[in-house]
Structures are given as structure tokens and as C-alpha cells.
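The structure under discussion appears below in the form of C-alpha cells.
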Amino acid sequence: MKRLIIASAILASAWSYAAAKGIELTKGMIKATDGSDVPIEIATPAGKGPFPPVLFIHAKRGYEGDERAHVRELAEQGFLVVAPDWQSGRFIERWPSAHNPETEMDVEAGLDYLKSLPNACKQPVGIVGLSRGPYYAIRLAAKRGPDIAAIVSYYGHMQNPNAPEPDQLFRIAPEIMQITTPMLFLIGDDDYELRRMNGGRAFYALWERGVPVEWQEYPMARRAFDFRPDQTPEEKIAAKHARERSKNWLIKWMQLTPTLQCAPVKN
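This is how it looks when you write it as C-alpha cells:
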């Protein structure tokens, strides 16, 4: 009961803050290609569009108040954000260990919906993903590369969670050797060793192939440094820095103007 009250308070705070900033937060339901329902949230910046489109892919902890706050921050920066919930529509409990390939259809449906919005810039989108989210991002980039301009990975998992243990320890997902999408890695130096090793191998593999990639590692920052309730002073600064790095990465590779206007139309 206490958890429900806290979650409700966070939700109410997020919506009231967004309204005060002129950001519009709306909920909707779309369909995956298999007919499954996909709950989504859309965050629209203040002002007149069109706006640069960003797909937000949540972690396996689910889509809750902290994720909504991140989406709101992206909209406050000027991005039009669609966040598909790849868990609740399929009645998947929070923190699933295994990867359900069917949920990839939910994320792709979010991409298609984002691109269809009349107030979205007609250009490749940016992706911001957390933890399990960047795995969905590289899967999507391998399949829909021309539709994706850039990926921002917050402590992302660069291997199929269903892969056997040797692959988890010593190999990266095969999609890393296929994609050409620019990727920014954001991770704390006190994150789990396996996650840093896994992401580091992906960084080197992308760089060696000539894919634009950067690795930002934050001193004294743990897993989920950007939203954890027991943030240290250093992690609070890291979170601010990460948000700016993310914004600048998306501006650069989505070819936006400094004021986040759509990429110029190429003749």
C-alpha cells in the first residue's frame, strides 16, 4: 500500500510539473504487428512544432515515475518523445531475467507511431534507452537502420539476455557488428563489472568498424546513477552531465539546429 501511495505521488508530481512547463503528457494505446496492445506515453514540448522525434526505451524494471520524469526532461529539452511500455501490455512482471522477442514488436510499433505523428520532424529518430533498453535499440537499428539517427545508451546491455553464460562473459551481441548508428555510452565506473566489460567490448568493436561512438564513464557513479533514490552528490552531477551529453549527441547526429529545429531538408 505504501509503495502504491509513493508511486501515485510521483506520478502526480510528474504530471503537474510537466503542465507548469507547458509540456503535454498524454497516454495512448497502439497495436504491435501481432495485434497485441502496446501502452504508450507521449511527451510533447511547449511551443509550436514540428519537433525532433525521440524513442524512449525503458529498462526491465518497468515504466514508472522515474522513467516518466526522464521522458519529461527530454521534452523539456525540446524533443517529441514516445515511450512504449513493452511489459505491461503483455502482462510481463517487472524485472524479467529472460528476453521476450515478442516485445521487440512493441518497441518497433512505438517507432512507427512516432514517425507517423504530424508534429514530428520528418527525419530519422533518436533513441534513448536504459539498461535493457539499449539492447532493444541495437536490435532495432540492425533492422531499421535508415530510420534511426543516433542511440544514447544509459548503462546498456550489449548482449542477448538469453545467450549462454560464455557469451555473456566474453562476447557481444552480433548486432554490434552490423549496425552503423552512432552510439553514446553513459555508465558509472562503479556499475557492475560485467556490464562495463560488455559495453566496453561493444565500444571497441564499433570504433574499430568506423561507427561514430563515444564512451562516457562517470567516477564514483553506480548503476542507475541518474535516478536512484540514494544518489550521492557526485551522482547528481553525473546525471546532469549525462542529460547534456545525451542532448548534444542527439543534436549532432540528428543534424538539428542549436535550437533543436528539424534537420534541414536535403535537395
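Going letter by letter, the sequence shown gives residues -18 to -1, 1 to 249 in mature numbering (1 follows the signal peptide of the UniProt record, and there is no 0). Quick reminder that beta carbons are idealized off the backbone N, C-alpha and C, glycines included.
- Rounded to whole angstroms, the separation of the alpha carbons of residue 248 and residue 214 is 46 Å.
- Taking 7 Å as the cut-off, the beta carbon of residue 136 is found closer than this to the beta carbon of residue 112.
- Bounds of the beta strand (DSSP E) holding residue 167 are 165 to 170.
- When rounded, the separation of the alpha-carbon atoms in residue 117 and residue 240 is 29 Å.
- Look at the beta carbons and you see the stretch 190 to 204 touching the stretch 220 to 227: at least three pairs across the two are nearer than 8 Å.
- Nearest C-alpha to residue 194 among 176, 172, 34 and 236: 236.
- Taking the C-beta atoms as reference points, residue 154 is found no nearer than 7 Å to residue 126.
- Shown here for residue 245: same chain residues with a beta carbon closer than 7 Å to its own, the five before and five after excluded, namely 103, 105, 236, 237 and 238 in chain order.
- Taken atom to atom, the span from the alpha-carbon of residue 37 to that of residue 186 is near 25 Å.
- Residue 121 and residue 164 have their C-alpha atoms roughly 14 Å apart.
- With a 10 Å radius around the Cβ and a threshold of 16 neighbouring Cβ atoms, residue 176 comes out exposed.
- Counting the other Cβ atoms within 10 Å of the Cβ of residue 204 gives 16 or more, which makes it buried.
- By the criterion of at least three beta-carbon pairs nearer than 8 Å, the stretch 41 to 48 is not in contact with the stretch 7 to 18.
- For the 7 Å CB-CB criterion, residue 35 and residue 56 do not form a contact.
- Counting C-beta atoms within 10 angstroms of its own C-beta, residue 212 has fewer than 16 neighbours from the protein chains shown and is therefore classed as exposed.
- Here DSSP, grouped into helix, strand and coil, assigns residue 198 to strand.
- In the structure shown, residue 111 falls within a strand segment according to DSSP collapsed to helix, strand and coil.
- A residue is called buried when at least 16 other Cβ atoms come within 10 angstroms of its Cβ; residue 144 does not meet this threshold and is exposed.
- A distance below 8 Å between beta-carbons, with the five flanking residues on each side excluded, links residue 141 to the following residues of its chain, in chain order: 117, 149, 150, 153, 154, 155 and 180.
- Nearest C-alpha to residue 100 among 33, 158, 10 and 132: 33.
- Beta-bridge partners assigned by DSSP to residue 136: 112 and 168.
- Remark: C-beta atoms of residue 161 and residue 132 do not approach each other more closely than 7 Å.
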